[in-house]
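Below is one structure, written out as structure tokens, with a few remarks after it.
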Amino acid sequence: MATVYAVGVGPGDPELLTRKAERILRSADVILAPVSNPAEASVALGTIREFIDESRQEIIVHQFPMTSDRSRLIPAWQEAAALIASHAEAGRSVAFITIGDPLFYSTFIYLLRILREQWPQLPIEIIPGISSINATAAQAALPLVEGDEKMVVIPATAGIEQIKAALETYETVVLLKVKPLYSEIIELLRATGREQRAVFVERVGSSRQKVLTDFSEIANHTPDYLSLMIIK
Ligand SMILES: C[S@@+](CC[C@H](N)C(=O)[O-])C[C@H]1O[C@@H](n2cnc3c(N)ncnc32)[C@H](O)[C@@H]1O
């Protein structure tokens with residue numbers, strides 16, 4: 676029985692991988708990369724290209740639907756877990772790669788539950804990665820929290836009311852998945868006089884990285900899925 680690894684590959688810059696992640700990626704027999712849109716390249720796979728050898732390692736790109744509809748997600752998770760288990764049971768080590776960290780809003784969390792439940796004998800090792808939040812703070816040279824300050828992370832899909840309440844409670848609010856609620860977030864920042872306190876970052880760590888601190892630029896931007904905001 677070979678080991679299943681969940682490897683956090685960081686936000687998109689190959690230099691932000693840990694040495695452990697690199698070692699495992701070079702030695703794994705199978706690399707499994709998640710994508711949500713089959714027409715788009717896997718960001719995680721693009722990040723690790725220089726560490727893998729396609730003539731020796733099997734690269735599998737597995738599609739997970741971009742939806743909150745669990746009746747479509749559960750079969751995709753189940754299928755991926757079965758694929759991972761079948762390779763590991765046949766003695767081939769598998770590295771499931773994930774952007775940022777594997778236990779931070781990642782598909783791997785669902786796979787981990789299924790694997791533990793249905794294949795409890797499988798050895799699983801998790802290699803942490805630098806999350807998009809840490810990479811964003813570093814790029815913007817923005818301290819996340821200090822002293823006894825508190826920080827909250829909210830997927831913007833939770834809704835504008837939750838964001839509003841968080842802004843009143845925490846010194847630092849990190850908003851992930853901002854795309855679907857972007858115009859409402861912009862309006863909320865205006866209405867609460869927080870125009871000068873927001874940083875917007877898209878595709879941090881990649882060649883397409885955008886870091887915006889000027890509110891009019893933030894307000895006029897059309898974000899893509901890989902973007903977040905930190906509001907102090
Ligand atoms: C499903 S979560 C994945 C989080 C990831 N596991 C991590 O540790 O950063 C996806 C959200 O994370 C944020 N994100 C992930 N990678 C990013 C990047 N390179 N630049 C900006 N935001 C990113 C975006 O808000 C995106 O909608």
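Counting in the numbering used here, the sequence shown runs from 676 upward without gaps.
All C-beta atoms, glycine included, are put in the ideal place defined by N, C-alpha and C.
Keep in mind that this is a model prediction, so the values were computed, not measured.
Worksheet entry | Simplified DSSP state of glutamate 800, which is helix, strand or coil | On the sequence shown, residue 800 is found 125 positions in, with the first residue counted as 1. Three-state DSSP puts glutamate 800 in a strand.
### Query
Are the stretch 838-846 and the stretch 716-733 in contact at 8 Å, needing three or more beta carbon pairs?
no
Exercise. Tell me the start and end of each unbroken alpha helix (DSSP H) in the stretch 761-807 that is at least 4 residues and wholly inside, in chain order.
Key: 783-793
Checklist entry - Candidates Gln793, Leu901, Leu778 and Val879: which alpha carbon is nearest lysine 854's? => result If you number the sequence shown from 1, residue 854 lands on position 179. Answer by Cα proximity: Leu901.
Note to self: For valine 827, tell me which candidate among Gln814, Leu851, Ile805 and Thr811 has the shortest Cα-Cα distance.
What the structure shows: Along the sequence shown, read from residue 1 onward, the residue named residue 827 stands at position 152. Checking every option, the nearest Cα to that of valine 827 belongs to Leu851.
- prompt: Residues bridged to alanine 708 by DSSP?
  reply: Translated into positions along the sequence shown, residue 708 becomes position 33. Its beta-bridge partners are Val736.
Closest Cα partner of aspartate 889 within the set Ala815, Asp704 and Asn712:
As a position in the sequence shown, residue 889 is number 214, starting the count at 1. Nearest option by C-alpha distance: Ala815.
Exposure label - serine 730; buried when at least 16 CB within 10 Å
What you label residue 730 is simply residue 55 of the sequence shown in a count that begins at 1. Exposed, because fewer than 16 other Cβ atoms sit within 10 Å of the Cβ of serine 730.
### Query
CA-CA distance, alanine 696 and histidine 762?
Looking up residue 696 in the sequence shown gives position 21. Looking up residue 762 in the sequence shown gives position 87. Going from the Cα of alanine 696 to the Cα of histidine 762 covers about 20 Å.
Tell me whether arginine 878, by its Cβ, gets closer than 7 Å to a heavy atom of ligand 1.
Here the question's residue 878 lines up with position 203 in the sequence shown. Answer for arginine 878: yes, Cβ within range of ligand 1.
Nearest to histidine 737 by CA position, among Lys885, Leu707, Ala760 and Ser743, is which residue?
Walking along the sequence shown from the start, residue 737 turns up at place 62. Checking every option, the nearest Cα to that of histidine 737 belongs to Leu707.
Applying the 10 Å Cβ sphere with the 16-neighbour rule, what's the burial state of serine 781?
For the purposes of this step, residue 781 is taken as residue 106 along the sequence shown, with counting starting at 1. That one is buried.
- prompt: Candidates Arg791, Ile835, Ile774 and Tyr785: which alpha carbon is nearest isoleucine 802's?
  reply: As a position in the sequence shown, residue 802 is number 127, starting the count at 1. Cα-wise, what sits closest to isoleucine 802 is Ile774.
So does isoleucine 860 have its beta carbon nearer than 7 Å to some heavy atom of ligand 1?
-> Translated into the one-based positions of the sequence shown, residue 860 becomes position 185. The answer is no for isoleucine 860.
Check your understanding: Regarding tyrosine 680 and ligand 1, is the C-beta to nearest heavy atom distance less than 7 Å?
Key -> Here residue 680 refers to the residue found at position 5 of the sequence shown. It does not: the Cβ of tyrosine 680 is nowhere closer than 7 Å to a heavy atom of ligand 1.
- prompt: Helix, strand or coil: which one does DSSP assign to proline 898?
  reply: Taking the first residue of the sequence shown as 1, we reach residue 898 at position 223. Correct three-state label for proline 898: coil.
- Please find out if some non-hydrogen atom of ligand 3 comes closer than 7 Å to the beta-carbon of serine 902. The ligand content of the structure shown is limited to ligand 1, which means ligand 3 is not among them.
Please determine whether the Cβ atom of valine 853 lies at a distance below 7 Å from any heavy atom of ligand 1. The residue given as residue 853 occupies position 178 in the sequence shown. Within the cutoff, so yes.
Which one of Ala716, Ile893 and Gly804 has the shortest CA to CA distance from glutamate 690? For this step, residue 690 is matched to residue 15 along the sequence shown. For glutamate 690, the nearest C-alpha among the options comes from Gly804.
Exercise for review: Indicate whether valine 848 and isoleucine 808 have their beta-carbon atoms separated by less than 8 Å.
Suggested key: Taking the first residue of the sequence shown as 1, we reach residue 848 at position 173. Taking the first residue of the sequence shown as 1, we reach residue 808 at position 133. Going by C-beta atoms, valine 848 is not nearer than 8 Å to isoleucine 808.
- In whole angstroms, what is the alpha-carbon distance linking leucine 786 and alanine 810? Numbered from its first residue, the sequence shown carries residue 786 at position 111. Numbered from its first residue, the sequence shown carries residue 810 at position 135. Roughly 25 Å separates the two Cα atoms.
Ligand 1 and glycine 834: does any heavy atom of the ligand fall closer than 7 Å to the residue's C-beta?
Taking the first residue of the sequence shown as 1, we reach residue 834 at position 159. Glycine 834 Cβ: outside cutoff for every heavy atom of ligand 1.
On the DSSP bridge list, what partners appear for proline 830? Here residue 830 refers to the residue found at position 155 when the sequence shown is read from its first residue. For proline 830, which the question treats as bridged, DSSP gives the partners Leu851.
Just to confirm, is the Cβ distance from isoleucine 860 to alanine 831 under 8 Å? Taking the first residue of the sequence shown as 1, we reach residue 860 at position 185. Taking the first residue of the sequence shown as 1, we reach residue 831 at position 156. In this structure, alanine 831 lies closer than 8 Å to isoleucine 860 by Cβ.
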